Amino acid sequence: MSEDKMKLEGDGKSIDLPIHSGTVGPKVIDIRSLYSQTGMFTYDPGYTSTGSCESKITYIDGEAGILLYRGYPIAQLAEKSNFMEVCYLLMYGELPSKEEAAKFEHDITYHTMLHEQLNKFFSGFRRDAHPMAIMVGVVGALAAFYHDSTDINDPHQRIIASYRLIAKMPTIAAMAHKYSTGQPFVYPKNELSYAGNFLNMMFAVPCEEYKVNPVLENAMDLIFTLHADHEQNASTSTVRLAGSSGANPFACIAAGIASLWGPAHGGANEACLNMLGEIGTVDRIPEFIRRAKDKSDPFRLMGFGHRVYKNFDPRATVLKKAADQVLKELKVSDPLFDVAKKLEEMAVEDPYFKEKKLYPNVDFYSGIILKAMGFPTSMFTVLFALARTVGWVSQWNEMVADPVQKIGRPRQLYTGEPERDFVPMGKR
Ligand code: CMC
């Protein structure tokens, strides 16, 4: 980190604050001494100008539409790599050698089974429970079953917990789906790939053989790769904040899942497909664009806009191409895909969206592919959580190992009543 300074003057004070430069991206002003020097806090609701940590994992340039995992562009990883390799890269910082890749995949594979007693948790939920509600509950409950990987001060236990989370998430996700359909749970199969095993657990039934379609397996792997990490977004920041108190990794990831669930974040893929269904036909698009621009209408174009990207989300570009291929391969003709393509075309040409730099994000096309693959809409955000788990655990590991790490404790601008005396009931 470089040591330039920024002078801050006002309220009768003048102080110098250090400026740090990363390897790429905007510089940051180090305000850690601000309160001790001035008695003032910064105010930044939504953290639009706040860097909460130092990280070496993922870099985004929102203006240029660039996303790098450990320095590698997402489009290259999507084309040339696979999800297991990307998991290794995110966790360890480098692409694995052949031997490292094989060992990593083996280690993940051998953690895919769930403690049998965890199966009983599912029957405590209503059959019509949203699978994200089940995910929050069951992932949080893992801490009650894997005590031997909850000591966050032991680096080996941290790795075991991380592997367990990456490995068991597909099993839990598929079980949440099977429970809602009333079908029996399907156990993991070690000879299958990570994506293939998940599809098998999702769609196989005991009464007939299920063969994993390689086109779907590749599409699944691609979707996992594209969602694997995204620097300090709401759910990742939630994981870091929960973890900053020393909470165990299973509890932290459950907190991340809860944050991801919201429609402004991971819940947008489900909301986007519901919106495309509501639009229904191309001729109704102008009406919905009009509503999205109307400030008195709460409706927003789901799958559009991003806090960081002010250009095309590079993940949406990859997914648009993949959606085309998957629909062709599966010989599915989905009118919603036509609606999506036309909606994108019309919105990006519209002055409102142009001026506010609102472009399709990752959630815009993922739902179309997932629907073609046979996933119910309620599972879309679950798949996001499954894929993002590696990002969460990588960020959590980085935070726990960071020597400057402290409990996350923001302050506030208090605008409530100043101190006043209690008024007895009879005098109010
Ligand atoms: N449709 C219509 N107008 C929009 C949209 C949209 N999708 N997104 C932003 N705007 C407008 C917004 O009304 C505001 O206008 P004004 O400046 O006149 O008040 C301006 O654009 C800036 O929006 P913002 O809400 O202040 O921006 P933000 O950075 O706080 O929000 C966002 C980012 C992603 C929450 C928002 O764009 C949104 O709600 N998009 C729809 C939901 C969505 O697709 N979310 C998925 C995000 S990508 C995956 C993930 O992170 O999980």
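Letter by letter, the sequence shown follows residues 0 to 427 in numbering that gives the first Met the number 0.
Note that the Cβ used here is the ideal one computed from N, Cα and C, for glycine as well.
In this text the structure is predicted, and so the values were computed from the model without any measurement.
The residue from 141, 29 and 11 with its alpha-carbon nearest to that of residue 5 is 29. A distance criterion of 7 Å places the beta-carbon of residue 361 in contact range of the ligand CMC, judged by its closest non-hydrogen atom. When DSSP states are grouped into helix, strand and coil, residue 10 belongs to the coil group. Relative to the ligand CMC, even the nearest heavy atom lies 7 Å or more away from the CB of residue 254. The beta carbons of residue 138 and residue 252 sit about 6 Å from each other, so the pair counts as a contact at 8 Å. DSSP, reduced to helix, strand and coil, places residue 305 outside both helices and strands of the structure shown, so it counts as coil.
Fewer than three beta-carbon pairs drawn from the stretch 43-54 and the stretch 203-223 are found closer than 8 Å, and the two stretches are therefore not classed as touching.
The beta carbons of residue 287 and residue 358 sit no closer together than 8 Å.
In the three-state scheme derived from DSSP, where H, G and I count as helix and E and B as strand, residue 220 is classed as helix.
For residue 57, the enclosing beta strand (DSSP E) starts and ends at 57-60. No Cβ-Cβ contact shorter than 8 Å links residue 276 with residue 362.
By the 16-neighbour rule on beta-carbons within 10 angstroms, residue 180 is exposed. Cα atoms of residue 79 and residue 365: separation of roughly 20 Å, rounded to the nearest angstrom. Where residue 67 is concerned, the enclosing beta strand (DSSP E) starts and stops at 65-68. Residue 232 and residue 267 have their alpha carbons spaced roughly 14 Å apart. DSSP, reduced to helix, strand and coil, places residue 146 within a helical segment of the structure shown. Three or more Cβ pairs closer than 8 Å define a contact, and the stretch 388-396 meets that threshold against the stretch 153-166. With at least 16 other beta carbons inside 10 angstroms of its own, residue 86 counts as buried. Under the DSSP assignment, residue 391 falls in the alpha helix (DSSP H) whose first and last residues are 379-400. Distance from the CA of residue 226 to the CA of residue 383, rounded to the nearest whole angstrom, comes to 6 Å. Relative to the non-hydrogen atoms of the ligand CMC, the Cβ of residue 302 comes within a distance shorter than 7 Å of at least one. Under the 10 Å beta carbon count, residue 415 is surrounded by fewer than 16 other beta carbons and is classified as exposed. In this structure, the ligand CMC has no non-hydrogen atom nearer than 7 Å to the beta-carbon of residue 66.
The C-beta of residue 248 has 16 or more other C-beta atoms within 10 Å across all chains shown, which makes the residue buried. Rounded to whole angstroms, the gap between the alpha carbons of residue 309 and residue 343 is 15 Å. The beta carbon of residue 135 lies closer than 8 Å to those of 253, 256, 257 and 260 in the same chain, with the five residues before and after it left out. Rounded to the nearest angstrom, the gap between the Cα atoms of residue 388 and residue 103 is 16 Å. As the crow flies, the alpha-carbon of residue 411 is around 22 Å from that of residue 235. Taking non-hydrogen atoms of the ligand CMC into account, the C-beta of residue 355 is found less than 7 Å away from one of them.
Taking 7 Å as the cut-off, the C-beta of residue 45 counts as close to a heavy atom of the ligand CMC. Residue 4 is bridged by DSSP to 17. Our two residues, residue 335 and residue 271, have alpha carbons roughly 11 Å apart in a direct line. Pairing residue 133 with residue 175 gives a Cβ-Cβ distance under 8 Å.
Exclusion of the five residues before and after residue 240 leaves 407 as the residues of its chain whose Cβ lies within less than 7 Å of its Cβ. C-alpha of residue 177 to C-alpha of residue 7: approximately 58 Å in a straight line.
DSSP links residue 313 through a beta bridge to no other residue.
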